[in-house]
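First residue of the sequence shown: 53, per our numbering; consecutive thereafter. Glycine residues also receive a C-beta, built at the ideal position from the N, C-alpha and C atoms. Working notes for the structure below.
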Amino acid sequence: MSQSMYEIIKHLFPICRSITGPGIQKSLLYFEKLVPNFKRIKFKSGSKVFDWKIPKEWHVKNGYISGLNKKKYAEFKKNNLHLLNFSRPIKKRVSRKELFKHLYTLKKQPNSIPYVTSYYKKNWGFCMTENQKKKLREKFYDVLIDSKFKSGNLHLSHAVFKGKSKKEIFFSSYLCHPSMANNELSGPAVLIKLAEYIKNKKKLNFTYRFVLLPETIGSICYINKFKESLKKNMICGFNLSCVGDDKAYSHIESRSGNTLADISLEEALKGKKNVKRYSFLRRGSDERQYCSPGVDLPVCGFSRSKYGEFPEYHTSKDNLNFISKNGLKNSFEVMRSIIDTFEKNYYWNSFPKSNILCEPNLGKRNLYPTVSQKKNYGNLNLRMDLIAYSDGKKNLIEISRIIKQPLNKIFSELKLLKKNKIISIAK
Numbered sequence: 053m054s055q056s057m058y059e060i061i062k063h064l065f066p067i068c069r070s071i072t073g074p075g076i077q078k079s080l081l082y083f084e085k086l087v088p089n090f091k092r093i094k095f096k097s098g099s100k101v102f103d104w105k106i107p108k109e110w111h112v113k114n115g116y117i118s119g120l121n122k123k124k125y126a127e128f129k130k131n132n133l134h135l136l137n138f139s140r141p142i143k144k145r146v147s148r149k150e151l152f153k154h155l156y157t158l159k160k161q162p163n164s165i166p167y168v169t170s171y172y173k174k175n176w177g178f179c180m181t182e183n184q185k186k187k188l189r190e191k192f193y194d195v196l197i198d199s200k201f202k203s204g205n206l207h208l209s210h211a212v213f214k215g216k217s218k219k220e221i222f223f224s225s226y227l228c229h230p231s232m233a234n235n236e237l238s239g240p241a242v243l244i245k246l247a248e249y250i251k252n253k254k255k256l257n258f259t260y261r262f263v264l265l266p267e268t269i270g271s272i273c274y275i276n277k278f279k280e281s282l283k284k285n286m287i288c289g290f291n292l293s294c295v296g297d298d299k300a301y302s303h304i305e306s307r308s309g310n311t312l313a314d315i316s317l318e319e320a321l322k323g324k325k326n327v328k329r330y331s332f333l334r335r336g337s338d339e340r341q342y343c344s345p346g347v348d349l350p351v352c353g354f355s356r357s358k359y360g361e362f363p364e365y366h367t368s369k370d371n372l373n374f375i376s377k378n379g380l381k382n383s384f385e386v387m388r389s390i391i392d393t394f395e396k397n398y399y400w401n402s403f404p405k406s407n408i409l410c411e412p413n414l415g416k417r418n419l420y421p422t423v424s425q426k427k428n429y430g431n432l433n434l435r436m437d438l439i440a441y442s443d444g445k446k447n448l449i450e451i452s453r454i455i456k457q458p459l460n461k462i463f464s465e466l467k468l469l470k471k472n473k474i475i476s477i478a479k
């Protein structure tokens, strides 16, 4: 890749992004230049998507609070988290009491600027540290927010790499927050590197779909446009969020908790230290949309420290110092291992069927010890269980759940049994 994941994040970090407007458009263009397979999709302002309406584009140039002594506070140009994201324009003198109604701080984290939004209700406001707020002692302040709402489009971008099968592996991440490194940019950075990894493969057994979009409204738009093909072809999907730190590994379950995505991620995380698994009841990102009733896509979430679980989340402390090159690399490796597992084991969606009535004689094929003794039994349980449930009606995912064995081991046994003509494969 022409740039490392950390370099990508560092380059994009200063941009003020939101769910619409020039910030997200500029950021998407950057990724589209890195991997030209990504194509832009637009949804017109005011359009209805399911129960939602596409908001206008938010354009912002400046914002600050000024004391009558001309000293400035909460300057947007110094840190774009200082503005309530999607603030309406305002230029007026207000009392200290009125100003405080529009200030957002974190009392328990007095040195952190919080990230706050108001996308769907017109409002204005400023975010600052609690310690900065304590310095505001004058009776009146001048407030300025130089912003505009314009009719335009909501933008997202996707890339589809076609394989031998139409069955799809899906990766999604969001690109709609201002300057936060882990929460905002780590997911897209890992996703784009995965897309490049797929692009450079000469042959693909499966089709791979990558999506970069504004969180919530973007995934709703994408589902609205591609619902039928996603439901028909997607076999496994991952929402990447907060994958840049190196403190933990987190698996946020799909709604059912036992999709191929859940199984694959669980396998990929085996042997890792500090792995945490969260119920779908702890969801918080776009897995909410992909797994919603009637959509029911097999998507789970992957994070390092899960969003909302680390104190730096949605604050100015989620900066370039919070993430690490090693954390990003390890996240990429987890997802790449899942891709490699699929590409090496094409039979995941197979319906294995035993070719022999009753138990096959494995001994004459050197697949079972000819001397029967207690110590031999344990190692053969997987082989015998796989044969026992190979009735041509259950796929490998179902068998994996029943016999409680990981897919990679089942794949290995399946190849061996197929080679010896004990099991045949139906699709």
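Local conformation of Lys74 per DSSP, three classes: Numbered from 1 along the sequence shown, position 22 holds the residue referred to as residue 74. As written in the sequence, residue 74 is Pro, which differs from the Lys given in the question. The answer is helix: DSSP assigns Pro74 an H, G or I state.
Shortest alpha-carbon distance to Leu419 belongs to which of Leu434, Tyr274, Leu409? Here residue 419 corresponds to residue number 367 of the sequence shown, with the count starting at 1. In terms of Cα proximity to Leu419, the closest of Leu434, Tyr274, Leu409 is Leu434.
Determine the extent of the beta strand (DSSP E) in which Tyr274 is found, giving its start and end residues. Numbered from 1 along the sequence shown, position 222 holds the residue referred to as residue 274. If you look at Tyr274, you'll find it isn't in any beta strand (DSSP E); it sits in the alpha helix (DSSP H) that goes 269–285.
Segment limits, alpha helix (DSSP H) that includes Lys129: Sequence index remark: in the sequence shown, residue 129 carries index 77 (1-based). Note, Lys129: premise wrong, no alpha helix (DSSP H); not H, not E.
Answer with buried or exposed for Tyr125, where buried requires no fewer than 16 other C-beta atoms within 10 angstroms of its C-beta. Taking the first residue of the sequence shown as position 1, residue 125 is located at position 73. Counting of Cβ neighbours within 10 angstroms places Tyr125 among the buried residues, the total reaching 16 or more.
Status (buried if at least 16 other CB within 10 Å, exposed otherwise) for Gly415: Position 363 of the sequence shown, counted from the first residue, corresponds to residue 415. Counting the other Cβ atoms within 10 Å of the Cβ of Gly415 gives fewer than 16, which makes it exposed.
Determine the contact status of Asn285 and Thr268, defining contact as a CB-CB distance below 8 Å. Walking along the sequence shown from the start, residue 285 turns up at place 233. Walking along the sequence shown from the start, residue 268 turns up at place 216. Cβ atoms of Asn285 and Thr268: not closer than 8 Å.
Which residues mark the beginning and the end of the alpha helix (DSSP H) in which Phe384 is found? As a first step, residue 384 must be located in the sequence shown, where it is residue number 332. For Phe384, the enclosing alpha helix (DSSP H) stretches over residues 377–396.
Under 8 Å between the Cβ atoms of Ile197 and Leu151? Taking the first residue of the sequence shown as position 1, residue 197 is located at position 145. Taking the first residue of the sequence shown as position 1, residue 151 is located at position 99. Not in contact: Ile197 and Leu151 (Cβ atoms no closer than 8 Å).
In the DSSP assignment, what residue or residues form a beta bridge with His111? Counting from 1 along the sequence shown, the entry for residue 111 is found at position 59. Note: His111 sits in a beta bridge opposite Lys200.
Proximity below 8 Å, CB of His303 to CB of Glu319: For this step, residue 303 is matched to residue 251 along the sequence shown. For this step, residue 319 is matched to residue 267 along the sequence shown. No, Cβ-Cβ distance for His303 and Glu319 is not below 8 Å.
Helix or strand or just coil, what does DSSP make of Ala440? Here the question's residue 440 lines up with position 388 in the sequence shown. Correct three-state label for Ala440: helix.
Pull up the CB-CB distance for Thr228 and Pro266, whole angstroms please, since I reckon it's below 8 Å. Within the sequence shown, the letter at position 176 stands for residue 228. Within the sequence shown, the letter at position 214 stands for residue 266. Note that residue 228 is Cys in the sequence shown, not Thr. So it is a contact: roughly 4 Å between Cβ atoms.
8 Å is my cut-off, CB to CB: does Tyr125 come that close to chain D? Chain labels in this structure do not include chain D; a single protein chain is all it has.
How many angstroms separate the CA atom of Ser316 from the CA atom of Cys273? As a first step, residue 316 is located in the sequence shown; it is residue number 264 there, counting from the start. As a first step, residue 273 is located in the sequence shown; it is residue number 221 there, counting from the start. Between Ser316 and Cys273, the alpha-carbon positions lie close to 27 Å from each other.
Please return the same chain residues whose Cβ sits closer than 8 Å to the Cβ of Gln55, not counting the five positions on each side in sequence. Residue numbering aside, residue 55 sits at position 3 when the sequence shown is read from its first letter. Taken in chain order, the residues that qualify are His63, Leu86.
Rounded Cβ spacing between Leu372 and Phe65 (contact assumed at less than 8 Å): Along the sequence shown, read from residue 1 onward, the residue named residue 372 stands at position 320. Along the sequence shown, read from residue 1 onward, the residue named residue 65 stands at position 13. Between Phe65 and Leu372 the Cβ distance is about 6 Å, and since that is below 8 Å, they are a contact.
Short check: CB of Tyr301 to CB of Arg388, under 8 Å? Locating residue 301 in the sequence shown gives position 249, counting from the first residue. Locating residue 388 in the sequence shown gives position 336, counting from the first residue. Not a contact, by the Cβ cut-off of 8 Å.
Could you give the residue range of the beta strand (DSSP E) that holds Tyr330? The sequence position of residue 330 within the sequence shown is 278, counting from 1. Note, Tyr330: beta strand (DSSP E), 327–330.
Which residues does DSSP list as the beta-bridge partners of Trp483? Nothing about residue 483 can be read from this structure; the chain reaches only from 53 to 479.
For a minimum of 4 consecutive residues, which ranges assigned as the alpha helix (DSSP H) are wholly contained in the stretch 292–317? Listed in chain order, there is nothing to give.
Reducing DSSP to helix, strand and coil, say where Arg145 ends up. The residue labelled residue 145 in the question sits at position 93 within the sequence shown. Reduced to three states, the DSSP call for Arg145 is strand.
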